[in-house]
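Only one structure is covered here, and it is reproduced in the block below.
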Amino acid sequence: MIRVGHFITSFADVTLILWSISVYMMDQAQAPPAIQGQTCVACGAAAVLACPTCGDEFYCSQDHIKSPYNSEKHDVVCAWNVRQRQAEQERVGRQEQQQAAGPAVVQDSPLLALGDNLLVHLCGFLRADDLVRLGQVCRALRSVCRDARAWASVHFCASSTSYSSRSEGTRLFQYGVLKIAPALHTMEVPYRWPAVNLLRYTNKVKVFELQYECASGEMVEDWDKKRLFHTLRHYSQSLEVVKLDCLHEMDTLRLIDQMPNVRELYIEGKLVKAYAGCTKVVKSLGLGNTVSKEVAVDFVRANRSTLQSFTVSEYKNRWAYCDERSPLWKELKKCNGLVKMSLMPPLSIINSFPHLRSFSMKDFGDENHAKIKRAFTSSPVIRNLTTLNLQMGYHGHRGLLKVVGTSCVALRELAILFRSSGRMNFVTVHVDVPRDLHVILGGLANLETLTLSVARVPSMVLDGIAQGALPKLTHLRLNSCGVTPQGREALARLREQRSTLQLDAKVSKAYTEHDTCWDWLPERCQEAMCRARSECDEEDPVPDPDSDDGDSGDVDSDGGCGGGFPDSTHFDDFACMLSDSD
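Those letters in the sequence shown? Residues -31 to -1, 1 to 551, by mature numbering (1 follows the signal peptide of the UniProt record, and there is no 0).
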């Protein structure tokens, strides 16, 4: 009895084990296996399902096949494959008919006599759509047009435009190009990535260009960084050039640095980093708020042996305003060949750049005047400057201009740029410049170009230049400036008496009174060297804006009058930057 009971117990255990195994095998049979090498076009996960209609697109679940986001793209792919099958069936039918009719008549084309190598070279001058059509002529040309060398110059733009807004022919053709192309020279992708799964097609791309629709300085690459990384890794073995509109993340930069064949990195169309094997060198860096401080430091470090110009193009880029202990300035101080700089550095380290010749100083009028005077009078670098751009702010700063006139004796180009203190009936409010400006700058014996921006230019200054002040001056620019009726007469005299002087002046009525929202601004700078009034402040009065004195038009450089808003003036880069910051 014991043996029988033991046998029964063992038999029950075996039965339970067999039942468990059968249930597991049934589950495995019901679970769809993962498709090797394929990812879901909707989420990028491992694919387990293929499209039941075309079998060409793959998904991780039934929900992603039926989701509204992918329905239009899915229908397009199916339609394309159905047409391809129909075309293949028609081709096979024609071949069978030809075989039944007898041997085909061979027709030799002079084009085929050129040989494959020459044909491939000629294909390098064709667009993608031309290559597709040429490959449809015959099998010989199809073989040539499927050669990777024929596609080595093709620029393909993966448009992010909604498929519902495009014609069916265009949609199908775009898919056809990607399916046929064995290689591409440039893959241009907008920030709103297209619904096409780019990774299913060629991995031979030399130039990858990602264009952000909003490159205003926000960290937009975080929004789809995973997809960006996946795409860069996909092209890593063939990629030679990377072009981005903005770069804030060091992780993205490090990924690009690790690619074996990358030679050049561009930000907003400008070369910012050259890698081993590149024949180009970076001599100029113009950075704005499309890069972070850490990325800017890396760019300076990588190019410090060749860098000659460093500028910050965006006025509101606050990371450039830092002290001499910051990593940015530590790296800049190692750029011994720097000859041009545009930002606001600590003036205490200006002598670290012995070859500096061009300098743009932002917030110059807002800095401590005593420190600026000490730096200007003692620095040999400042005395050797040939180009100087000064942002003066909301006041004339007569004292600071006197320091410039006595210290920067080697200057050839000087730009004095003011900021409007308000808007009155869509008219710029101008800043009064000293009426003896021509005398203050008289020590600049080599000055050739003088630019004034958003300023009220008194007639005495124009008459002084007409009578011989600044004798080497060859170019006078008045950008969005204002003149009084006396100033208009002085402009006419200036043109007559100094005919060799190139005068770019598109000016309007002078307005110098602030509107109510700018009442907090003092009448003049409160620093000691600028507070004292000059002896000619009360002359050449500005007319009442509401009065009709016949001076309603803009005076241009040809002496004519043109109506309109004075912002139609042709600004230089620095003046445009200030206009945006008003």
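All residues carry an ideal CB built from backbone N, CA and C; glycine is no exception.
The model shown is predicted, which means the values in this text are computed figures rather than measured ones.
So, residue i versus residue j, is the Cβ gap smaller than 9 Å?
| i | j | result |
| --- | --- | --- |
| ASP405 | ARG425 | no |
| VAL350 | GLU300 | no |
| VAL158 | LEU216 | no |
| VAL176 | LEU208 | yes |
| VAL231 | VAL250 | no |
| LEU472 | ARG462 | no |
| GLN455 | SER422 | no |
| ALA384 | LEU357 | yes |
| ASN448 | THR418 | no |
| ARG381 | LEU359 | no |
| ALA243 | GLU233 | yes |
| MET361 | ARG343 | no |
| THR397 | GLY451 | yes |
| LEU80 | LEU110 | yes |
| LEU442 | LEU470 | yes |
| LEU307 | LYS331 | no |
| THR8 | ALA15 | yes |
Nearest by alpha-carbon distance to residue i: which of the options is it?
| i | options | result |
| --- | --- | --- |
| ARG367 | LYS441, LEU222, ARG502 | ARG502 |
| PHE94 | LEU81, VAL260, TRP120, THR155 | TRP120 |
| GLU496 | THR375, LEU369, THR469, GLY456 | LEU369 |
| ASP335 | ASN353, GLN7, ALA271, CYS494 | CYS494 |
| ALA479 | ASP98, CYS304, VAL511, GLU492 | VAL511 |
| ARG96 | CYS114, GLU57, GLY246 | CYS114 |
| HIS324 | HIS338, THR355, PRO151, ALA109 | THR355 |
| GLU237 | ARG169, GLN31, GLN67, GLU178 | GLU178 |
| GLU57 | LEU254, GLN105, HIS90, TYR235 | GLN105 |
| ASN166 | GLY13, LEU18, GLY365 | GLY13 |
| MET228 | LYS239, GLY246, ILE34, SER205 | SER205 |
| GLY411 | VAL398, PRO440, ARG388 | PRO440 |
| ASN272 | GLN64, PRO21, HIS90, LEU240 | LEU240 |
| ILE149 | SER112, TRP162, LEU197 | SER112 |
| LEU201 | LEU445, ASN172, GLY62 | ASN172 |
| SER282 | GLY374, CYS9, ALA265 | ALA265 |
| THR481 | TYR363, ALA117, ASN337, HIS407 | TYR363 |
| GLN277 | ARG326, ILE225, ARG388 | ARG326 |
| GLN436 | ALA414, ALA459, GLY451 | ALA459 |
| LYS195 | PRO403, THR221, VAL476 | THR221 |
| ILE409 | LEU256, VAL373, ILE318, LEU431 | VAL373 |
| HIS203 | LEU213, SER347, ILE225, ASP432 | ILE225 |
| ILE319 | PRO296, LYS331, PHE333, PHE345 | PHE345 |
| LEU445 | GLY451, VAL452, ILE434, THR453 | ILE434 |
| ALA152 | LEU168, SER329, VAL174 | VAL174 |
| PRO403 | LEU91, ASP509, ALA15 | ASP509 |
| SER321 | ASN305, LYS309, SER329 | ASN305 |
| ASN258 | THR280, ASN353, ARG102, ALA474 | THR280 |
| HIS199 | ARG169, MET219, ASP214 | ARG169 |
State the beta-bridge partners of residue i as determined by DSSP.
| i | result |
| --- | --- |
| ARG446 | THR420, ASP473 |
| LEU18 | TYR28 |
| TYR480 | DSSP lists no partner for TYR480. |
| ILE236 | LEU213, LYS239 |
| PRO159 | GLN180 |
| GLY62 | In the DSSP output, where bridge partners are listed per residue, GLY62 has none listed. |
| LYS309 | SER278, SER327 |
| GLY451 | ARG425, SER477 |
| VAL174 | LEU153 |
| TRP260 | In the sequence as presented, Trp is not what sits at residue 260; that position holds Val. The partner list for VAL260 (beta bridge, DSSP) reads LEU216. |
| THR8 | ALA15 |
Name the two residues that bound the continuous beta strand (DSSP E) containing residue i.
| i | result |
| --- | --- |
| LYS242 | 239 to 243 |
| MET330 | 327 to 330 |
| LEU256 | 253 to 256 |
Check whether the Cβ of residue i lies closer than 9 Å to any Cβ atom in chain C.
| i | result |
| --- | --- |
| LEU447 | The chain labelled as chain C is not found in the depicted structure, where only one protein chain is given. |
Could you check whether the Cβ of residue i sits closer than 8 Å to any heavy atom belonging to the ligand NAD?
| i | result |
| --- | --- |
| ALA424 | The ligand NAD is absent from the structure shown, which contains no ligands of any kind. |
Tell me which residue opens and which closes the alpha helix (DSSP H) that residue i is part of.
| i | result |
| --- | --- |
| LYS340 | 338 to 347 |
| TRP288 | Per DSSP, TRP288 belongs to no alpha helix (DSSP H) and is neither H nor E. |
| PHE322 | Counting along the chain, PHE322 falls outside any alpha helix (DSSP H), and DSSP gives it neither H nor E. |
| ARG202 | 194 to 203 |
| ALA497 | 497 to 500 |
| PRO296 | 296 to 301 |
Review point. Hey, which unbroken runs of the alpha helix (DSSP H) at 4 residues or more fall wholly within the stretch 394 to 439?
Key: Entirely contained in the stretch 394 to 439, the alpha helix (DSSP H) runs reaching 4 residues are, in chain order, 406 to 409, 428 to 435.
Point to revise | Complete runs of the alpha helix (DSSP H) confined to the stretch 70 to 128 [at least 4 residues] | key: For the stretch 70 to 128, whole alpha helix (DSSP H) runs of length 4 or above, ordered along the chain, are 85 to 92, 97 to 103, 108 to 114.
Check your understanding: What are the uninterrupted segments assigned as beta strand (DSSP E) that are 3 or more residues long and contained completely in the stretch 350 to 392, given in chain order?
Key -> The stretch 350 to 392 contains these whole beta strand (DSSP E) runs: 356 to 362, 382 to 387.
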